[in-house]
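Colleague: Here the sequence shown is numbered in UniProt numbering, starting from 1 and rising by one per residue.
Let me give you the structure first, and then I'll get to my questions.
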Amino acid sequence: TVLYDATGHQLATLQGVENRFPVAIKDVPPVVTAAVVAAEDRKYFVHGGIDPLGIARATWADIRRKGAMQGGSTITQQYVKNAYVGTDYTLWRKVREAVISVKIERKFDKNQILERYLNTVYFGRGAYGVQAASKAYFGKDVGQLQLKEATYLAGLIRSPSAGDVADDPVEAHDLRFIVLQAMVDTKIITPEEANAVEAEAVSDYVVAQKGSGSEVTMKNAGAEYFVAYVQRELTKLYPEDQVLRGGMRVHTTLDPTAQRLAYDSVYGPDGLNRNGDPSGALVSLDNEGRVVAMVGGRDWESSKVNLAVGIDGGGSGRQAGSTFKPIVLAEAMRQGISLEAPYGGPAQIVLAKADKGEDWEVNNYESVPYGTVSLLNATAESVNTVYAQLVVQVGPARVVEMAKKMGVKAELNPDASIALGTADVSVLDMASAYLTLQTKGMQVEPRVIRKLTQNDSVLVDDRPKSTRVLEKDVAEKVNYALQQVVEEGSGTAAALPQAQVWGKTGTTDLYGDAWFVGYTRQLTTAVWMGHPEGQSKPLYDVHGVRKVSGGSIPAKIFKQFMAKASPADATPPDKVPDLSGKSPAPVSSVASSGSGTSSGSSSSGSGSSSGSRSSSATTTTAPEDEDEAPATTIRPGSTATIPAPVTVPTTQPTFTPPTAPATTEPRPRSTFTVPTIPRP
1 TVLYDATGHQ
11 LATLQGVENR
21 FPVAIKDVPP
31 VVTAAVVAAE
41 DRKYFVHGGI
51 DPLGIARATW
61 ADIRRKGAMQ
71 GGSTITQQYV
81 KNAYVGTDYT
91 LWRKVREAVI
101 SVKIERKFDK
111 NQILERYLNT
121 VYFGRGAYGV
131 QAASKAYFGK
141 DVGQLQLKEA
151 TYLAGLIRSP
161 SAGDVADDPV
171 EAHDLRFIVL
181 QAMVDTKIIT
191 PEEANAVEAE
201 AVSDYVVAQK
211 GSGSEVTMKN
221 AGAEYFVAYV
231 QRELTKLYPE
241 DQVLRGGMRV
251 HTTLDPTAQR
261 LAYDSVYGPD
271 GLNRNGDPSG
281 ALVSLDNEGR
291 VVAMVGGRDW
301 ESSKVNLAVG
311 IDGGGSGRQA
321 GSTFKPIVLA
331 EAMRQGISLE
341 APYGGPAQIV
351 LAKADKGEDW
361 EVNNYESVPY
371 GTVSLLNATA
381 ESVNTVYAQL
391 VVQVGPARVV
401 EMAKKMGVKA
411 ELNPDASIAL
421 GTADVSVLDM
431 ASAYLTLQTK
441 GMQVEPRVIR
451 KLTQNDSVLV
461 DDRPKSTRVL
471 EKDVAEKVNY
481 ALQQVVEEGS
491 GTAAALPQAQ
501 VWGKTGTTDL
511 YGDAWFVGYT
521 RQLTTAVWMG
531 HPEGQSKPLY
541 DVHGVRKVSG
551 GSIPAKIFKQ
561 FMAKASPADA
571 TPPDKVPDLS
581 GKSPAPVSSV
591 ASSGSGTSSG
601 SSSSGSGSSS
611 GSRSSSATTT
621 TAPEDEDEAP
631 ATTIRPGSTA
641 TIPAPVTVPT
651 TQPTFTPPTA
661 PATTEPRPRS
671 TFTVPTIPRP
């Protein structure tokens, strides 16, 4: 199967170099699982996900060698690293890896975890999982493997590239030797059995690597993540074997120029390219919902989790912060509330029984009071205490319905805190929702495939389908509010000289996530940045920015990309919409503090807040010299974002060219003698 970009040039092939063929644990020979456990985690069946002594030994060895933190990981931790947290050698990553490992051990039994591990671990030659590795190295199914083959595969886990006998016969023999020794030490095999295997050269039974023209042509622009997402979408429609080997011709929506601009904006010379920098993601849609650019991560070889698409990319979504407020505003406009409706914007407010039947405390950033403020200005300045009142007035369940209509696919709970962006969503979700505003109420499903053919038959001929989910006047009112955000509110850093911009900033609790989502008349683009650890590792001191908010680096990334990707637009500004409407009845509050009286829609008060705190929110509502900062709800016991469902990742396309034939001759090996250890 061949993928093409939007200009008709070949983008990638989906065969040969990277393969995954999931296999049930019952179909894996015991000799294979025994070799892997002996080599990687001898205490696997007795520990609870982590091995403190193993970590301590590995850490001490690294300290003595002055190396990076590595080694000591259990099989469970390795699975978590492969599936969720990536390979960065940082303390934060190791801590998160350990926490998730313990959770997984409590949820699944040992055989289930081992099956997932054996189906995701990388063995080299583009093979993920033991079945794919067995095919790649021996040309047969894993069920046919014997001791000599099992020990070689187990050794490759430590060094999948350097251990290929085709590249380094010496390293290949050494890796197999280490596994044989481990199996003798643990009394799984006898010394005689080990010596019998060692007498045979690895090259005698490993097949040559099959050549392949499979590759992604835009690796330097991060297109691997887009290709992987396209493959996932294809496997929703057709059997995996047909997707990989059916000779399909897939014409995608990816614009190569836009993709290079997007990747350069996020990770280029002026982007997040320094050691220790947070991750970033970007999705850009044209007016017909086509994904013209997708940046899912910095380096595919380091982490195959696509940060742009949430669960569909092997990870989880992230809290949207104040970028979710336009969805609340859309529901308010639908219900006839006026943009000129006055609200009290106290520094702090406690709304009676507003969140799951309990009092809800909401705070403005740095306790900034706003006095009486219109809903229009509260949107521009991202005043949390106003939006807390607004979501209670319109109803959280109605906001969830609106989000779904506008294109948010993530699971959402009808909690009041949804107004402050506490639900986990994907970058693609947010781009889709804002596209609905850009099209003045027409929801267009995001798409990555323009045309799909097989054997001269057209299977898919993309024609955009749109559904009106907002009345035009409702969308125009929201657009007018988002215009003020960019012109004079928290998003001024995203303004473009050649085109009008509408958009919204977003920053979550403790600066864990920062967003800017916006659009011109031609493109809708969502930008996110954050660390994998989430709120446990805040966005502090990044490229000279003390505390990263959505109006700082994300808005600048948006501007850098859109300045070149979005054409100049001389269209006159939209007319100011009719701002009239109703001012809803005040929301009952327990207490409020700071200046915040109003003449209509909000309650007011003074003094300290009281009442139980089902959720709390801390909003940075930009003082003039600062960008908008976090809108948050603190969830009890939550210190980091933990991935949702544990699933075995689906087959991924090929991104690694075939390795060259070996030229190195094995060095002479002295006689191998395995210590005599009696069979139990």
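All C-beta atoms, glycine included, are put in the ideal place defined by N, C-alpha and C.
Since the model is a prediction, treat every value here as computed from it, not as a measurement.
Exposed or buried, which one is residue 649 when buried takes at least 16 other CB atoms within 10 Å?
Modeller: The predicted model places residue 649 with a pLDDT of 33, which falls under 50 and marks its position as unreliable, so this point remains unresolved.
Colleague: My output table needs one value for residue 288: the three-state DSSP class, helix, strand or coil.
Modeller: Reduced to three states, the DSSP call for residue 288 is coil.
Colleague: Are the CB atoms of residue 557 and residue 271 nearer to each other than 8 angstroms?
Modeller: Their beta carbons are under 8 angstroms apart, which means residue 557 touches residue 271 by this criterion.
Colleague: Along the chain, where does the beta strand (DSSP E) containing residue 10 start, and where does it finish?
Modeller: It spans 10-13 - the beta strand (DSSP E) in which residue 10 sits, taken as one unbroken run.
Colleague: Taking the beta carbon of residue 226 as the centre, do at least 16 other beta carbons fall within 10 Å, making it buried, or is it exposed?
Modeller: With 16 or more other Cβ atoms within 10 Å, it is buried.
Colleague: Leaving out five residues on either side along the sequence, give the residues of the same chain with a beta carbon under 8 angstroms from the beta carbon of residue 471.
Modeller: Taken in chain order, the residues that qualify are 334 and 441.
Colleague: Restricting to Cα atoms, I'd like to know which of 179, 184, 219 and 148 is closest to residue 204.
Modeller: The candidate whose alpha carbon is nearest that of residue 204 is 148.
Colleague: Per the contact definition of three or more C-beta pairs closer than 8 angstroms, is the segment 353-361 in contact with the segment 311-328?
Modeller: Too few Cβ pairs lie closer than 8 angstroms, so no.
Colleague: Nearest to residue 527 by alpha carbon, out of 456, 431, 299 and 576?
Modeller: Per the Cα distances, 431.
Colleague: Do residue 165 and residue 197 have their beta-carbon atoms positioned less than 8 angstroms apart in this structure?
Modeller: No.
Colleague: Would you check if there are 3 or more beta carbon pairs closer than 8 angstroms linking the segment 578-588 to the segment 527-538?
Modeller: No, because fewer than three Cβ pairs between the segment 578-588 and the segment 527-538 fall closer than 8 angstroms, the two stretches do not touch.
Colleague: Going by beta carbon distance, what residues of the same chain come within less than 6 angstroms of residue 705, once the five residues before and after it are set aside?
Modeller: Residue 705 cannot be examined here, being either before or after the span of the chain that is shown, 1 to 680.
Colleague: In whole angstroms, give me the CA-to-CA distance for residue 682 and residue 294.
Modeller: Summary: the structure shown does not reach residue 682, with the chain confined to residues 1 through 680, and so no result is reported for it.
Colleague: Please identify the residue among 115, 160, 139 and 488 whose C-alpha is closest to the C-alpha of residue 380.
Modeller: That would be 488, whose Cα lies nearest to the Cα of residue 380.
Colleague: Find out if the Cβ-Cβ distance for the pair residue 41, residue 13 is shorter than 8 angstroms.
Modeller: Taking 8 angstroms as the Cβ cut-off, residue 41 and residue 13 do not qualify as a contacting pair.
Colleague: Under the DSSP definition of a beta bridge, which residues are partnered with residue 452?
Modeller: Bridge partners of residue 452: 250 and 460.
Colleague: Whole angstroms are fine: how far does the CA of residue 421 sit from the CA of residue 318?
Modeller: Straight-line Cα distance between these residues: approximately 9 angstroms.
Colleague: Check whether the Cβ atoms of residue 406 and residue 438 sit closer than 8 angstroms, and answer yes or no.
Modeller: Not a contact, by the Cβ cut-off of 8 angstroms.
Colleague: How many Å lie between residue 274 and residue 543 at the Cα?
Modeller: The alpha-carbon atoms of residue 274 and residue 543 are separated by roughly 9 angstroms.
Colleague: Considering only C-alpha positions, which residue in the set 173, 184 and 183 is nearest to residue 199?
Modeller: Nearest of 173, 184 and 183 to residue 199, Cα basis: 173.
Colleague: Give the DSSP bridge partners of residue 468, in chain order.
Modeller: Partner(s): 442.
Colleague: Just tell me which of 250, 98 and 135 has its CA closest to the CA of residue 10.
Modeller: Residue 250 is the option with its Cα nearest to residue 10.
Colleague: Is it true that the segment 451-462 meets the segment 295-309, where meeting means three or more beta-carbon pairs spaced less than 8 angstroms apart?
Modeller: No, they do not touch.
Colleague: With 16 as the cutoff for other CB atoms within 10 Å, does residue 286 come out buried or exposed?
Modeller: The residue in question, residue 286, is buried, as its Cβ has 16 or more Cβ neighbours within 10 Å.
Colleague: What do you get for residue 237, buried or exposed, if any count of 16 or more other CB atoms within 10 angstroms of its CB means buried?
Modeller: Answer is exposed; the Cβ neighbour count stays below 16.
Colleague: Do residue 320 and residue 281 have their C-beta atoms within less than 8 angstroms of each other?
Modeller: In this structure, residue 281 does not lie closer than 8 angstroms to residue 320 by Cβ.
Colleague: Going by alpha carbons, who is nearest to residue 477 out of 574, 117 and 182?
Modeller: Comparing Cα positions, the closest option is 574.
Colleague: Hey, out of 385, 351 and 356, whose CA is closest to residue 366's CA?
Modeller: Here the closest residue by C-alpha is 385.
Colleague: Under the three-state reduction of DSSP, which class applies to residue 71: helix, strand or coil?
Modeller: Legend: pLDDT at residue 71 = 49, less than 50; position of this residue unreliable, value from coordinates given subsequently. In the structure shown, residue 71 sits in coil (DSSP, three-state: anything other than H, G, I, E or B).
Colleague: Between the C-alpha atoms of residue 495 and residue 486, what's the straight-line distance to the nearest angstrom?
Modeller: Answer to the nearest angstrom: the Cα atoms are 6 angstroms apart.
Colleague: Assign residue 252 to one of two classes, buried (16 or more other C-beta atoms within 10 Å of its C-beta) or exposed (fewer than that).
Modeller: With 16 or more other Cβ atoms within 10 Å, it is buried.
Colleague: Is residue 524 closer than 8 angstroms to residue 569 when the C-beta atoms are compared?
Modeller: No. Outside cutoff.
Colleague: Is the distance from the Cβ of residue 263 to the Cβ of residue 221 below 8 angstroms?
Modeller: A contact, by the Cβ cut-off of 8 angstroms.
Colleague: Looking at residue 207 and residue 138, is the spacing between their C-beta atoms short of 8 angstroms?
Modeller: Yes, the pair counts as a contact, with Cβ atoms nearer than the cut-off.
Colleague: Measure the CB-CB distance between residue 113 and residue 100 and report whether it falls below 8 angstroms.
Modeller: Cβ distance not < 8 angstroms, so residue 113 and residue 100 don't count as in contact.
Colleague: In chain order, what are the residue ranges of uninterrupted beta strand (DSSP E) at least 3 long that sit wholly in the segment 507-585?
Modeller: DSSP runs (the beta strand (DSSP E)) wholly in the segment 507-585: 513-519, 523-530, 540-542 and 545-547.
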